[in-house]
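In what follows, a structure is listed as structure tokens, so that the remarks can point back to it.
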Amino acid sequence: MPDAPRPYDPACIFCRIGRGEAPASIVYRDADVIAFMDIRPVNPGHVLVVPIAHAGSLADLAEHDGQPMFSAAQRLAGAVRRSGARCDGVNLYLADGVAAGQEVFHVHLHVLPRFAGDGIRLAAFGRQQSPSHHAASWMGLRTQSAGRLAPRRI
Ligand SMILES: [Zn+2]
1187 MPDAPRPYDP
1197 ACIFCRIGRG
1207 EAPASIVYRD
1217 ADVIAFMDIR
1227 PVNPGHVLVV
1237 PIAHAGSLAD
1247 LAEHDGQPMF
1257 SAAQRLAGAV
1267 RRSGARCDGV
1277 NLYLADGVAA
1287 GQEVFHVHLH
1297 VLPRFAGDGI
1307 RLAAFGRQQS
1317 PSHHAASWMG
1327 LRTQSAGRLA
1337 PRRI
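Going by this note's numbering, 1215 is the number at position 29 of the sequence shown; the sequence numbering is gapless.
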């Protein structure tokens, strides 16, 4: 049986880049993902890794498209460290939903080179909680993910 066609949205700029219908500075491509320079780089070497198949959110992304995205991001993180760009560390950043800062609604993973004093930080940090607080959150996650995550016993 032939593979189903990949989800594609002609109004989506990342789908259009994936098909070569819109310009981008492409640094990597394989059968599942494409990576290109962010048009608004936070630091030099800032790359986006994008599944070729359209998925507006993580919930829409097939696992078989998420895994190659992360694998490509790992390889690109190594490449940016070796590239000569100022890079003492790397953040992988994925914004899922408006509240999380997602601006293009085609899942993408930022490979963000970092260096000391670059001024970038996630400004909010949680307050330390007791294990009893964790238990309440954990039970909710287990209920919602039943049969999908197969969490390990700890
Ligand atoms: Zn798309």
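Beta carbons: idealized from backbone N, C-alpha and C, even for Gly. Nothing here was measured: the structure is a model prediction, and the numbers come from that model.
query                                                                                                                                                                : result
When you get a sec, list the residues whose CB is within less than 6 Å of any heavy atom of ligand 1, chain order please.                                            : Asp-1195, Cys-1198, Phe-1200, Cys-1201, His-1240 and His-1292
Specify the secondary structure class of Val-1297 as computed by DSSP and reduced to three states.                                                                   : strand
Which whole-angstrom value is the C-beta distance of Val-1290 and Phe-1222, which I expect to be below 8 Å?                                                          : Between Phe-1222 and Val-1290 the Cβ distance is about 12 Å, and since that is not below 8 Å, they are no contact.
Which of the three DSSP states, helix, strand or coil, is assigned to Gly-1270?                                                                                      : coil
If you draw a straight line from the C-alpha of Val-1236 to the C-alpha of Asp-1189, how long is it?                                                                 : 20 Å
How is Arg-1261 classed by DSSP in three states: helix, strand or coil?                                                                                              : helix
Do the stretch 1244-1252 and the stretch 1200-1217 touch if we need at least three Cβ pairs shorter than 8 Å?                                                        : no
Tell me the residue span of the alpha helix (DSSP H) that contains Ile-1203.                                                                                         : 1199-1204
Report yes if the CB atom of Leu-1278 is closer than 7 Å to the CB atom of Ala-1259, and no otherwise.                                                               : yes
Where do the N-terminal and C-terminal ends of the beta strand (DSSP E) with Ala-1221 fall, by residue?                                                              : 1219-1223
Should His-1294 go down as buried or exposed, given a rule of 16 or more other Cβ atoms within 10 Å for buried?                                                      : buried
If you draw a straight line from the C-alpha of Ala-1210 to the C-alpha of Leu-1234, how long is it?                                                                 : 11 Å
Output needed for Val-1228: all residues of its chain with C-beta closer than 7 Å, excluding positions within five of it in sequence on either side, in chain order. : Leu-1298 and Ile-1306
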